[in-house]
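2 protein chains.
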Amino acid sequence: MTKVYRSELTPISFLERSQLIFPNKTAVVHGSRRYTYRQFGERVYRLASRLRAVGLEKGDRVAFLAPNIPPLLEAHYGVPAAGGILVAINTRLNSQEIDFILKHCGAKFLFVDAELKHLIDPLSLEGVEVIRIDDTGEERDPYEQFLAAGSPKPIDSVLEDEEETISINYTSGTTGNPKGVMYSYRGVYLNALSEVIETGLNSSSIYLWTLPMFHCNGWCFTWAVTAVGATHVCLRKLDPELIWDLFHREGITHYNGAPTIQIMLVNHPKAKRLSKQVVSTVAGAPPSPTLLGQMNELNIRPIHVYGLTETYGPYTVCEWHEEWNDLPLNEQARLLARQGQGYVTAERARVVDDQMNDVAWDGKTMGEVVMRGNNVAKGYYKNPEATKEAFAGNWFHSGDLGVWHPDGYIELRDRSKDIIISGGENISSIEVEQTIAQHPAVLECAVIAIPHEKWGERPKAFVTLKPGKSATEQEIIQFCRERLARYKCPDQVAFGDLPKTSTGKVQKYILRNKEWAKMDKFIN
Amino acid sequence: MTKVYRSELTPISFLERSQLIFPNKTAVVHGSRRYTYRQFGERVYRLASRLRAVGLEKGDRVAFLAPNIPPLLEAHYGVPAAGGILVAINTRLNSQEIDFILKHCGAKFLFVDAELKHLIDPLSLEGVEVIRIDDTGEERDPYEQFLAAGSPKPIDSVLEDEEETISINYTSGTTGNPKGVMYSYRGVYLNALSEVIETGLNSSSIYLWTLPMFHCNGWCFTWAVTAVGATHVCLRKLDPELIWDLFHREGITHYNGAPTIQIMLVNHPKAKRLSKQVVSTVAGAPPSPTLLGQMNELNIRPIHVYGLTETYGPYTVCEWHEEWNDLPLNEQARLLARQGQGYVTAERARVVDDQMNDVAWDGKTMGEVVMRGNNVAKGYYKNPEATKEAFAGNWFHSGDLGVWHPDGYIELRDRSKDIIISGGENISSIEVEQTIAQHPAVLECAVIAIPHEKWGERPKAFVTLKPGKSATEQEIIQFCRERLARYKCPDQVAFGDLPKTSTGKVQKYILRNKEWAKMDKFIN
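Chains as they are written, first to last, in our numbering: chain A, 514 to 1037; chain B, 514 to 1037.
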């Protein structure tokens, strides 16, 4: 029985509303192309109705392999409107990795950008309908032909429960194979509202798509920007010169990026103080004092946030206190470097010991960061064991190690899950280790993160060769490049014995202590 | 079984969060008193724990009769934290009306401000524990003694389902007796987030309590302001001179008010252009061109919103379009006078004919405004018949008549439910009629709204006397004053026959046509 006083939370309502209220306002900018909210909505319904017409049934997975272009944004509404589940694939993966994801999620459709098509050409994709996107917006573009065959009229929702799955986001976790993190309608809806509130989005905002939409569905900004009737500015490529042009030409007010991206931007010759303040969340790692100073100088206000794919992107924010404005820059950066506390729709993030008790709020005692509630995803698709493990004790275990400060803010100090974060992208050290171990000359190996000025962290491999065999650093790196996405391959390879415990377990901390000797924590 | 990825939506989480993140920030200002978020939270937990200690059980009703003072704000957290249901009573009601509400809701506790205590003195309140509030904040204040006996530590939640009732707000409806509108935790949570987004609240905001907290729980700003860690500035009384002082002294950024209040403020001798823009929602009736011009002049940005007690206060907002800035003031006022469309968390407001079909989007065809979804309250407490009637056809029937413009915005034109809105307060014309009918000289009567410059609308009575009996206008008004809250009593009484249909039904529209001849619609 329908309740008059309840509607299931769905981000599709955001588009319906902005299409009604701001039909002639610019919703999407892509180079010289512009779509109003009316057009954006019509394109979404064309996509949805066409998907249904060609056989999509409720719950079917629809994969997209594309940069930040209008079709991928449209997919965030059109796929769920049709009743499907969106799988936006990381465009930096290689063919085998993409193949694993397509097969694991059982994609029925795959939309692929023409420039990325070479990645799927080697794959046998039986049972998957592939639609190419030329990103021209013109009639002959196969994606546009797909839309043209659909209807621009709103279609009936098949959503019955806001806890249904709207998207699956694959992430590199502790094991070699990526895991599919399931997002719910309720979760992305609340998270989108939170992003609006935390970053102060409103109908005058102009959001630049520097953050990949395949990352946690662009941390739900795909939905947040639309919720307030703001403008999406798409971006095929992270070109800092173009970004500075867009800042001025389009009047950008908001963008998101890891420190790597921020550093690239603030150091670009075109960098010039912005007349109107631009807000930018910084995720993946905290901004250094230098970076913070440069951003201030350019009139870019950083908001430091922290989260994981399993938490719809950001879960915590380092809420700024006005009185910090008067502190020296180094002190400001030190305070801002902390991950802070949960978003307005999130529960308190905790740092706990092995018994799940809170650690002391002393800024010293280490523990694991755990989270729960509406900002935690539903679990891993077709992987109940991994879900059970991650949700042990009824809390989501981030695998990140940190401390709890006397003021309640948490701060990360290390990662327990062997994740390397390079330029905002997760790399599983175990995946890299398993790849190197396949090399015929390798006896065993360990991969750790080492600090890197530009990328934050990069993988370094420590390799023991089999007796009588030989391999060079370049051979090992090349071996990885043939098997892994390029960004996952180690920059450095060192040869020799690995430090081990008496029971034979590799002591990675000894390797890390040496590499991180100059830093005060093990993440960068 | 607890789901790791779900928490029940509750606005108490907003206070928990702000207490954690902004412990030393000013949460509440009341004259020279100031409470930080830590203190605010501790006072709330004292209230909650003390309520439990003295016998409050889950679902018990706790009534408050108080102006906009800290205890009533604290009640919005402390009562639900204890597991109770808050009943904030309109302070302008008379003793009988208050008696009805206390008995109807079955209040177990009544907190009453010392200045309003005379209203309950005549009542027999067996079984109700009465706690007086002196509003001194000092030790000898009975309310402070109540808190002192409680514990400042957070207490365990007893909330099991976000659709449970958090508060009951009594409203004058179509019938004489007020109806208790039930708000859910989910509803107020989502509504609070919407208010944050629509009015742009953030942690720097300073909110002035011009809107009564007993009105739809202060339209959920009681919770919204806390959600972002902003500051509440309390206000015992609507004193325009004090308000202008507070604008400057406290740096107010937001307040809410009906046009009556706005007019009072902009025309006050102390009115002076504000250096920083202040945002004010205008509800109950649209701002006139004159008022809009004056507000612009003073740097106050009006946001026109519309809703009812049954919709948590505002349901629609007249979202401003940037291009309207260039239009003449009259034209701006005409566009802003429209009620607009649903909030970001609301579904589309519809205007429908008798068959529940959408009327034409022509700005001319009249129909009833209907609404549904998360921004609609749960129904009327202990009044399933009224709930069933209001929810007929699975939509909430506002009783308001309006048109649908070609751009999708709705605009009210009349009310079908005999509601008179005077200075932002609802008056039931039927309640006034039933009162007048009790006068021994009265045969029958009809009460309608007439336009009023200051109050928007005021009640006027048309009375037919019994043959051979007599009564003067002043006698009738006095008779009402002895039985009704003063603001409900008619300003004018006219004597004579009432226009009727052939079946004997009073034709109110004929009376109204005459009184409203100079206006283009029947609401003001």
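The C-beta atom is built at its ideal place from N, Cα and C for all residues, glycine as well.
Whose C-alpha, out of B:666, B:638, B:615, is nearest the C-alpha of residue 594 of chain B?
The residue labelled residue 594 of chain B in the question sits at position 81 within the second sequence. Residue B:666 is the option with its Cα nearest to residue 594 of chain B.
In chain order, what residues of the same chain have a beta carbon less than 8 Å from the beta carbon of residue 644 of chain A, not counting five sequence neighbours either side?
Walking along the first sequence from the start, residue 644 of chain A turns up at place 131. Excluding sequence neighbours, residue 644 of chain A sits near 622, 623, 624, 625, 655, 656, 659.
Touching or not, the segment 820-837 of chain A and the segment 871-891 of chain A, by the rule of three or more beta carbon pairs under 8 Å?
With a cut-off of 8 Å, the segment 871-891 of chain A and the segment 820-837 of chain A count as touching, because enough Cβ pairs lie within range.
Of the residues A:864, A:966, A:919, which one's Cα is nearest the Cα of residue 875 of chain A?
Numbered from its first residue, the first sequence carries residue 875 of chain A at position 362. Considering only alpha carbons, the answer is A:919.
In its own chain, which residues sit with a C-beta less than 6 Å from the C-beta of residue 797 of chain A, not counting the 5 before and 5 after it?
Locating residue 797 of chain A in the first sequence gives position 284, where the first residue counts as 1. Hits under 6 Å: 771, 934, 937.
DSSP on residue 702 of chain B, reduced to helix/strand/coil?
Taking the second sequence and counting its residues from 1, one reaches residue 702 of chain B at position 189. In this structure, residue 702 of chain B counts as helix in the three-state DSSP scheme.
Is the shortest distance between the beta-carbon of residue 520 of chain B and the beta-carbons of chain A less than 8 Å?
What you label residue 520 of chain B is simply residue 7 of the second sequence in a count that begins at 1. Judged by the 8 Å Cβ criterion, residue 520 of chain B is in contact with chain A.
Is there a Cβ from chain A that is less than 8 Å from the Cβ of residue 854 of chain B?
The residue you call residue 854 of chain B lines up with position 341 of the second sequence. Yes, residue 854 of chain B lies at the interface with chain A (some Cβ there is under 8 Å from its Cβ).
Select from the segment 900-917 of chain A all residues with a C-beta closer than 7 Å to any C-beta belonging to chain B, and list them in chain order.
Only those residues of the segment 900-917 of chain A whose C-beta falls short of 7 Å from the nearest C-beta of chain B are listed: 904, 907, 908, 909.
Name, in chain order, the residues that DSSP records as bridge partners for residue 910 of chain A.
On the first sequence, position 397 is the one that residue 910 of chain A refers to. Looking at the DSSP assignment, residue 910 of chain A forms a beta bridge with A:883.
Any chain A beta carbon closer than 8 Å to residue 534 of chain B:
Here residue 534 of chain B is taken as the residue at index 21 of the second sequence, counted from 1. Cβ-Cβ to chain A under 8 Å: yes for residue 534 of chain B.
Does the beta-carbon distance from residue 978 of chain A to residue 956 of chain A come in below 8 Å?
In the first sequence, the residue the question calls residue 978 of chain A occupies position 465. In the first sequence, the residue the question calls residue 956 of chain A occupies position 443. Yes.
Is residue 775 of chain A helix, strand or coil when you go by DSSP?
Position 262 of the first sequence holds residue 775 of chain A. In the displayed model, residue 775 of chain A falls within a helix according to three-state DSSP.
Which residues bound the alpha helix (DSSP H) around residue 624 of chain A?
As a working note, residue 624 of chain A is residue 111 in the first sequence. No alpha helix (DSSP H) contains residue 624 of chain A, which is instead part of the beta strand (DSSP E) from 622-626.
For the candidate residues B:804, B:1034, B:730, whose alpha-carbon lies nearest to that of residue 585 of chain B?
On the second sequence, residue 585 of chain B is found 72 positions in, with the first residue counted as 1. Minimum Cα distance to residue 585 of chain B is reached at B:730.
Please report the distance separating the alpha-carbon of residue 725 of chain B from that of residue 692 of chain A.
Along the second sequence, read from residue 1 onward, the residue named residue 725 of chain B stands at position 212. Along the first sequence, read from residue 1 onward, the residue named residue 692 of chain A stands at position 179. Looking at the two C-alpha atoms, the distance is approximately 51 Å.
Spatial neighbours of residue 837 of chain A in its chain, beta-carbon cut-off 7 Å, leaving aside the 5 residues before and after:
Taking the first sequence and counting its residues from 1, the one referred to as residue 837 of chain A is at position 324. Result list for residue 837 of chain A: 845, 848, in chain order.
With residue 998 of chain B and residue 607 of chain B assumed to form a contact (beta carbons below 8 Å), what rounded beta-carbon distance in angstroms separates them?
By 1-based counting over the second sequence, the position of residue 998 of chain B is 485. By 1-based counting over the second sequence, the position of residue 607 of chain B is 94. At roughly 5 Å, the Cβ-Cβ gap stays under 8 Å, so residue 998 of chain B and residue 607 of chain B are in contact.
Could you check the C-alpha separation between residue 747 of chain A and residue 581 of chain A for me, to the nearest Å?
Taking the first residue of the first sequence as position 1, residue 747 of chain A is located at position 234. Taking the first residue of the first sequence as position 1, residue 581 of chain A is located at position 68. Their backbone Cα atoms lie some 6 Å apart in a straight line.
List the DSSP bridge partners of residue 935 of chain B.
In the second sequence, residue 935 of chain B corresponds to position 422, counting from 1. Paired residues: B:938, B:969.
Answer yes or no: does any C-beta atom of chain B fall closer than 8 Å to that of residue 795 of chain A?
Start at 1 with the first residue of the first sequence, and residue 795 of chain A comes out as number 282. For residue 795 of chain A, the answer is no, since every Cβ of chain B falls outside 8 Å of its Cβ.
Which residues DSSP lists as bridging residue 782 of chain A, in chain order
Here residue 782 of chain A refers to the residue found at position 269 of the first sequence. Residue 782 of chain A pairs with nothing; no bridge assigned.
Beta-carbon within less than 6 Å of residue 662 of chain B's beta-carbon, same chain only, minus the 5 sequence neighbours each way: which residues are those?
Your numbering for residue 662 of chain B matches position 149 in the second sequence. Here the set comprises 563.
Buried versus exposed call for residue 711 of chain A [16 or more other C-beta atoms within 10 Å across all chains shown]:
The residue given as residue 711 of chain A occupies position 198 in the first sequence. Buried is the call here.
Which residues of the segment 607-621 of chain B have a Cβ closer than 7 Å to any Cβ of chain A? Give them in chain order.
none
Distance cutoff 8 Å, beta carbons only. Does residue 743 of chain B sit that close to anything in chain E?
Chain labels in this structure do not include chain E; the protein chains are A and B.
Three Cβ pairs or more, each shorter than 8 Å: is that satisfied between the segment 984-998 of chain A and the segment 517-529 of chain B?
Flag = no, the segment 984-998 of chain A and the segment 517-529 of chain B do not touch.
Applying a beta-carbon distance threshold of less than 7 Å, which residues of chain A neighbour residue 721 of chain B?
Reading the second sequence from its first residue, position 208 is the one you call residue 721 of chain B. Chain-ordered listing is empty here: chain A has no CB closer than 7 Å to the CB of residue 721 of chain B, the nearest sitting near 19 Å.
In this structure, what does DSSP give as the bridge partners for residue 864 of chain B?
Residue mapping note: residue 864 of chain B aligns to position 351 of the second sequence, counting from 1. Its beta-bridge partners are B:882.
Measure the C-alpha to C-alpha separation of residue 572 of chain A and residue 598 of chain A and round it to an integer number of angstroms.
Position 59 of the first sequence, counting from 1, holds the residue named residue 572 of chain A. Position 85 of the first sequence, counting from 1, holds the residue named residue 598 of chain A. Roughly 6 Å between the two C-alpha positions.
Quick one: Cα of residue 786 of chain A to Cα of residue 813 of chain A, how far?
Position 273 of the first sequence, counted from the first residue, corresponds to residue 786 of chain A. Position 300 of the first sequence, counted from the first residue, corresponds to residue 813 of chain A. Straight-line Cα distance between these residues: approximately 8 Å.
Pop quiz: residue 732 of chain A and residue 827 of chain A are said to be a contact at Cβ under 8 Å. What is the actual Cβ separation, rounded to whole angstroms?
On the first sequence, residue 732 of chain A is found 219 positions in, with the first residue counted as 1. On the first sequence, residue 827 of chain A is found 314 positions in, with the first residue counted as 1. Between residue 827 of chain A and residue 732 of chain A the Cβ distance is about 6 Å, and since that is below 8 Å, they are a contact.
Contact with chain B by residue 961 of chain A, beta-carbon distance below 8 Å
To locate residue 961 of chain A, count along the first sequence from 1; it is residue 448. Residue 961 of chain A does not count as touching chain B.
Let me check one thing: in DSSP terms, what residues is residue 1005 of chain B bridge-paired to?
Locating residue 1005 of chain B in the second sequence gives position 492, counting from the first residue. Looking at the DSSP assignment, residue 1005 of chain B forms a beta bridge with B:973.
With residue 1006 of chain A and residue 1023 of chain A assumed to form a contact (beta carbons below 8 Å), what rounded beta-carbon distance in angstroms separates them?
Mapped onto the first sequence, residue 1006 of chain A falls at position 493. Mapped onto the first sequence, residue 1023 of chain A falls at position 510. The pair is not a contact, with the Cβ atoms about 18 Å apart (cut-off 8 Å).
Buried versus exposed call for residue 973 of chain B [16 or more other C-beta atoms within 10 Å across all chains shown]:
Reading the second sequence from its first residue, position 460 is the one you call residue 973 of chain B. Buried.
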